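In mature numbering (1 follows the signal peptide of the UniProt record, and there is no 0), the protein residues as written are -20 to -1, 1 to 162.
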């Protein structure tokens, strides 16, 4: 019996330690697939935004919070099933949140590889950043919506086109390993 009590106490202590390591306050950053530019062409990159802190806002006090910059407006778009968005640039540097559906982003004039395409599933991990505006990208990107259901998206441009401080982790879209856990 003493052995069982000893193991239970130590196991509970270990579980508490693990839980403390995974709380909202210890989450250091947000990683987003970003449509950026390099030498006048659109590219996919994985960007990291640091600065999570515990919120002091009533109703979500203590929850995970990250300021993503000043924004100018917001648009809510319902994209039909199997829609072809064609080749385009971002109208402004903006966050795009896919609340539902599926987006397939590719780059024109490239061979499809893991670094030149991104599949964005709507929902918790459906946030991307699009910064390949006409003044910095000659060719833009292609967005297809292959789902049999509508895709719901919200576009939120940054005020004055100012993208928040970030670090480029690598070329290509963020992988699940960099996004899961938030």
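Ideal placement from N, C-alpha and C gives every residue a C-beta, glycine not left out. Nothing here was measured: the structure is a model prediction, and the numbers come from that model.
For residue 98, the three-state secondary structure derived from DSSP is strand. The beta carbon of residue 143 sits closer than 8 Å to the beta carbons of 49, 73, 109 and 111 from its chain, once the five residues preceding and following it are set aside; these are given in chain order. Taking C-beta atoms as the reference points, residue 71 and residue 122 fail to come closer than 7 Å.
In this structure, residue 154 lies near residue 13, with their beta-carbon atoms less than 7 Å apart.
Of the other Cβ atoms in all chains shown, 16 or more fall within 10 Å of the Cβ of residue 29; this residue is therefore buried.
Note on residue 11: 16 or more other CB atoms within 10 angstroms of its CB, so buried under the neighbour-count rule. Selection 139, 146 and 147 evaluated against residue 52 yields 139 as nearest (Cα-Cα).
As DSSP reads the structure, residue 131 sits in a beta bridge with 59. At a Cβ-Cβ threshold of 7 Å, residue 56 and residue 159 do not count as neighbours. When 80, 45 and 97 are compared, the shortest CA-CA separation from residue 26 is found for 97. For residue 142, there is no enclosing alpha helix (DSSP H), as DSSP marks it with neither H nor E. Residue 110: member of the beta strand (DSSP E) spanning 107 to 110, first to last residue. Less than 7 Å separates the beta-carbon of residue 95 from that of residue 151. With a contact defined as Cβ atoms closer than 8 Å, residue 125 and residue 75 miss out at about 18 Å. Within the same chain, Cβ atoms closer than 7 Å to the Cβ of residue 41 are found at 35, the five residues on either side in sequence being excluded.
About 10 Å separates the Cβ atoms of residue 103 and residue 132, ruling out a contact at the 8 Å cut-off.
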